[in-house]
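Colleague: Quick one: structure below, then a few questions.
In our numbering, the protein residues as written are 106 to 862.
The structure is reproduced here in structure tokens:
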């Protein structure tokens with residue numbers, strides 16, 4: 106294919122050269138860029154900056170950023186300003202203004218150009234020129250082709266790799282310029298360029314052949330890349346060393362300088378190119394990030410577009426490989442999607458045009474096509490023809506959905522309104538009802554959830570599981586219900602093992618004829634798993650075997666009843682009913698016993714009340730206790746019993762306090778009276794007696810203190826200390842007694858010291 110393109114372009118080039126030689130006008134003699142003079146005067150395949158606008162607009166495809174170039178052709182003057190801007194997927198656009206020398210005075214030219222790569226080694230570009238000479242305006246255009254690699258330099262190309270192709274070494278370019286759109290000013294010309302990189306060297310050979318109205322020129326140049334930043338160039342035109350040039354190029358990340366000496370012009374030329382954007386990697390990065398974000402969001406068309414934009418920058422590295430893989434995968438996905446679309450479209454047509462048309466099903470197929478590809482014109486057109494049938498379906502379904510909502514059949518109503526929105530996405534009634542349904546379902550889900558929590562706390566895990574599943578049916582996004590459901594399932598799994606163990610134990614007991622124990626074990630298993638069919642079967646099969654046991658228990662209950670051991674009788678009949686809940690005789694006797702118990706409780710309570718009114722607290726307490734023994738939950742008896750016990754305790758404390766007081770044990774008496782006041786702060790007897798005790802204590806304290814002073818004065822220090830200790834026992838915070846005791850101890854120590862000396 107590449108050879109075919111090369112042969113075609115060569116033949117076209119030769120034909121055009123013959124045609125343009127027939128016209129006669131002025132030949133353009135403009136060599137833009139200092140580097141062109143040092144490369145032999147031709148950059149048809151080697152213009153690696155915005156000067157490509159003039160040499161070969163196809164070369165713009167190699168500029169992946171925004172660059173600005175100005176060319177100084179003399180001191181303090183320039184003859185070229187150009188700007189390039191890369192737009193992903195569309196190519197690189199350029200704009201330039203130049204002053205071109207002419208035999209009829211200089212000409213001002215403005216140029217708009219564009220270049221784009223269409224294959225890995227093929228680029229095409231075009232430019233539109235507007236010229237002004239004095240007061241006259243002219244316009245023409247140029248086109249350019251490039252077969253080769255647009256990479257800048259030689260050292261950054263891995264030409265020793267086995268993957269290197271012919272066009273990694275060789276670049277071939279054609280430019281047909283000054284093709285007139287109005288009156289001819291510059292003669293149309295054809296430029297041919299060829300460059301070759303010598304393998305395993307940093308040397309590039311550049312050649313050109315320009316056909317310009319019979320004044321054909323040949324060009325030869327060399328580019329020696331000494332480092333990534335510096336290269337040396339030299340070249341000659343028509344092998345005439347009076348038209349020889351030499352220069353160098355220095356480049357950094359954000360600027361590039363070409364400096365050349367031209368022997369023909371006998372002066373130095375300078376071209377400066379500056380990058381006025383981030384480098385291609387920086388510019389490309391947001392496209393890569395957006396593509397990955399769209400991929401996560403399953404926005405595949407947007408992701409593919411962003412990956413292609415990123416790949417158009419041709420950034421080497423792992424990310425480019427990833428982008429290529431992702432783009433390929435998405436394209437394959439689209440291919441598979443197209444197969445689905447074709448199948449759906451064929452099915453829709455079949456349903457429409459069959460004997461009994463299935464218009465709604467066909468519409469559904471077409472809607473699915475438009476979901477996959479919103480731009481599918483045939484599907485949209487066919488869907489429009491089905492709109493009357495869709496409208497009729499929506500109207501009828503709306504009535505059914507509203508009725509289902511009124512009947513609280515919310516799940517069915519939701520399905521209906523969701524189906525309506527498939528065919529009529531903007532149906533406001535359906536949106537409103539769906540919102541109302543969601544609110545109702547959330548309320549129901551919360552109700553089922555809280556019921557489930559209640560069962561869970563009661564260890565009724567089977568019922569809890571049912572409630573949590575119902576809650577999630579109404580609200581699948583309810584995280585709490587999901588968490589509790591998982592916990593419940595774990596509990597059920599744990600209990601299942603325990604139930605199996607109990608079931609086995611019960612069966613062994615049945616084998617030993619221990620039917621009562623077996624029944625009790627099965628009851629435990631039933632508490633863990635109420636719906637276990639095996640356990641229920643065993644319980645039912647045991648009931649006939651338990652009949653003798655039940656009759657024995659019944660007789661026991663009746664005997665306890667006759668002996669007025671009512672609570673014990675109630676316990677026995679409850680045990681019977683636990684085995685046989687429907688045993689009517691036991692139910693009747695249990696009700697009778699409870700009635701008798703209640704009657705007895707009230708009798709005891711009334712007797713207790715009579716004793717209480719007579720202030721016979723001990724007998725009152727006894728009968729309150731009897732009432733509570735029969736019914737511990739009988740609150741009036743419980744309350745009155747507490748009151749009586751409090752009164753008895755107060756009476757006992759007052760009596761003990763008075764006895765202590767009478768024996769002169771005032772401190773102990775104080776403790777008793779204080780306990781009374783803690784229970785009954787308004788007790789006047791305790792308050793009066795407490796005051797008397799404190800008064801007596803103070804009298805004793807004063808007496809002991811004064812006696813101690815007398816003994817201290819008589820130098821009887823030890824006897825004095827005993828008196829003060831008595832005072833401090835009665836009144837521990839008595840400061841004066843503490844001070845005198847301290848002095849007495851000091852006197853004793855002093856006397857002992859004198860005796861030792």
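Yeah, the Cβ is synthetic: ideal placement off N, Cα and C, and Gly gets one too.
On a predicted model such as this, the values are computed, not experimentally measured, just so you know.
Nearest by alpha-carbon distance to residue 844: which of 554, 299, 216 and 817 is it?
Modeller: 817
Colleague: Determine the contact status of residue 439 and residue 400, defining contact as a CB-CB distance below 9 Å.
Modeller: A distance of 9 Å or more separates the beta carbons of residue 439 and residue 400.
Colleague: Do the CB positions of residue 858 and residue 825 come within less than 9 Å of each other?
Modeller: Going by C-beta atoms, residue 858 is not nearer than 9 Å to residue 825.
Colleague: Just to confirm, is the Cβ distance from residue 251 to residue 233 under 9 Å?
Modeller: no
Colleague: Please report how far the alpha carbon of residue 177 lies from the alpha carbon of residue 354, in whole angstroms.
Modeller: 15 Å
Colleague: Going by DSSP in three states, residue 738 sits in which element: helix, strand or coil?
Modeller: coil
Colleague: State the start and end residues of the unbroken alpha helix (DSSP H) segment that holds residue 593.
Modeller: 584-616
Colleague: Using the three-state DSSP reduction, which class does residue 489 fall into: helix, strand or coil?
Modeller: helix
Colleague: Is residue 330 helix, strand or coil when you go by DSSP?
Modeller: Three-state DSSP puts residue 330 in a strand.
Colleague: Buried or exposed, going by whether 16 or more other CB atoms sit within 10 Å of the CB of residue 642?
Modeller: exposed
Colleague: Identify every residue that forms a DSSP beta bridge with residue 202.
Modeller: 186 and 215
Colleague: Residue 126 to residue 148, Cα distance in whole Å?
Modeller: Note on residue 126: pLDDT 41, under 50, position unreliable in the model; no value is reported.
Colleague: Once DSSP output is grouped into helix, strand and coil, what is the label at residue 402?
Modeller: Looking at residue 402 - three-state DSSP - the assignment turns out to be coil, as it is neither helix nor strand.
Colleague: So what does residue 312 bridge to, in DSSP terms?
Modeller: 299 and 325
Colleague: Can you grab the Cα-Cα spacing for the pair residue 635 / residue 572, in whole Å?
Modeller: 15 Å
Colleague: For residue 798, which residues from the same chain have a beta carbon less than 7 Å from its beta carbon, with the 5 sequence-adjacent residues on both sides left out?
Modeller: 766, 771, 774, 775 and 778
Colleague: Pick helix, strand or coil for residue 857, following the three-state DSSP scheme.
Modeller: helix
Colleague: Could you check whether residue 654 and residue 621 sit closer than 9 Å to each other, using their CB atoms as the reference points?
Modeller: yes
Colleague: DSSP puts residue 138 in a beta bridge; with which residues?
Modeller: Bridge partners of residue 138: none, in fact.
Colleague: For residue 238, report the span of its beta strand (DSSP E) as first-last.
Modeller: 227-238
Colleague: Comparing alpha-carbon positions, which option in 205, 526, 436 and 169 lies nearest residue 190?
Modeller: 169
Colleague: Kindly indicate which three-state DSSP category residue 285 falls into: helix, strand or coil?
Modeller: strand
Colleague: Out of 726, 662, 719 and 713, which one is the CA nearest neighbour of residue 695?
Modeller: 662
Colleague: Given a cut-off of 9 Å, decide if residue 322 and residue 343 are closer than it, judged by their beta-carbon atoms.
Modeller: yes
Colleague: Tell me which same chain residues have a C-beta within less than 6 Å of the C-beta of residue 129, skipping the five on either side of it?
Modeller: Low confidence applies to residue 129: its pLDDT is 38, below 50, so where it sits in the model is not reliable, and the reading given next is rough at best. Taken in chain order, the list of residues that qualify is empty.
Colleague: Determine the direct distance from the alpha carbon of residue 201 to that of residue 329, and round the result to whole angstroms.
Modeller: 29 Å
Colleague: Give the DSSP bridge partners of residue 366, in chain order.
Modeller: 351 and 373
Colleague: Measure the Cβ-Cβ separation of residue 203 and residue 142 and say whether it is below 9 Å.
Modeller: no
Colleague: Please classify residue 242 as buried or exposed, where buried requires at least 16 other C-beta atoms within 10 Å of its C-beta.
Modeller: exposed
Colleague: Can you tell me which of 198, 237 and 790 puts its alpha carbon nearest to the alpha carbon of residue 215?
Modeller: 237
Colleague: Assuming contact is defined by CB atoms lying nearer than 9 Å, are residue 95 and residue 791 in contact in what I supplied?
Modeller: This structure does not reach residue 95, given that the chain is present from 106 up to 862, and the question cannot be answered.
Colleague: Taking residue 320 as the reference, give the member of 293, 197 and 306 with the closest Cα.
Modeller: 293
Colleague: So residue 171 and residue 381 are supposed to be a Cβ contact under 8 Å. How far apart are they, rounded?
Modeller: 5 Å
Colleague: If you draw a straight line from the C-alpha of residue 187 to the C-alpha of residue 360, how long is it?
Modeller: Taking the straight line from one Cα to the other gives about 14 Å.
Colleague: Nearest to residue 485 by CA position, among 311, 229 and 470, is which residue?
Modeller: 470
Colleague: Quick one: Cα of residue 806 to Cα of residue 769, how far?
Modeller: 13 Å
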